[in-house]
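Report on the structure given below.
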Amino acid sequence: MERLFREDYELTTGEDVRVQTTIVPPARAQIDPQKETAAQIARMQSGLTSWSDEVLASGKDPAEHLEQIIAERKAIGNAKIAFSSSPVIEADPEEEAEEQAEKDADANRDPAEDDEA
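Residues -10 to 106, numbered by our numbering, are exactly what the sequence shown covers, in order.
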């Protein structure tokens, strides 16, 4: 797929292009989740596979999965909920202030200005 895109682009524009793709295979069903999860952990701890490799094998995109984990842990920290299995990431007050300022700016923006642009 990457090769076909690159060839088409190069023929069309006459420019070289580098494209990096990540193919996420579908996840396979686990027969014994407890044993298979223990095996995944052992492979990562021994350095045989990386966290990204294990996430890919589960049918998920590692970058998207990491973003989801970070967002959920921040939300859990903000809600002051503690689970025994995961550390809580405290939200950065400066980051929260920036996010709130962006939301306020979006809420106060005049829709007519968007039409003029």
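Glycine is no exception: its CB is placed at the ideal position from the N, C-alpha and C atoms.
Outcome for residue i when other beta-carbon atoms lying within 10 angstroms are tallied against a minimum of 16
i: Leu37; result: exposed
i: Leu45; result: buried
Cα-Cα separation, residue i to residue j
i: Ile59; j: Glu85; result: 14 angstroms
i: Ile20; j: Asn67; result: 36 angstroms
i: Pro15; j: Asp50; result: 11 angstroms
i: Thr2; j: Glu(-4); result: 10 angstroms
i: Glu4; j: Ser41; result: 32 angstroms
i: Lys109; j: Glu83; result: Outside the displayed span of the chain (-10 to 106) sits residue 109, for which this structure offers no information.
i: Gly48; j: Glu88; result: 31 angstroms
Top-ranked residue by Cα proximity to residue i, from the options
i: His54; options: Ile30, Glu87, Val13, Ile70; result: Val13
i: Thr11; options: Ala52, Ser39, Pro22, Glu87; result: Ala52
Heavy atom of the ligand FAD within 8 angstroms of residue i beta-carbon
i: Gly3; result: Inclusion of the ligand FAD in the displayed structure is not the case, the ligand content being empty and no account of it being possible.
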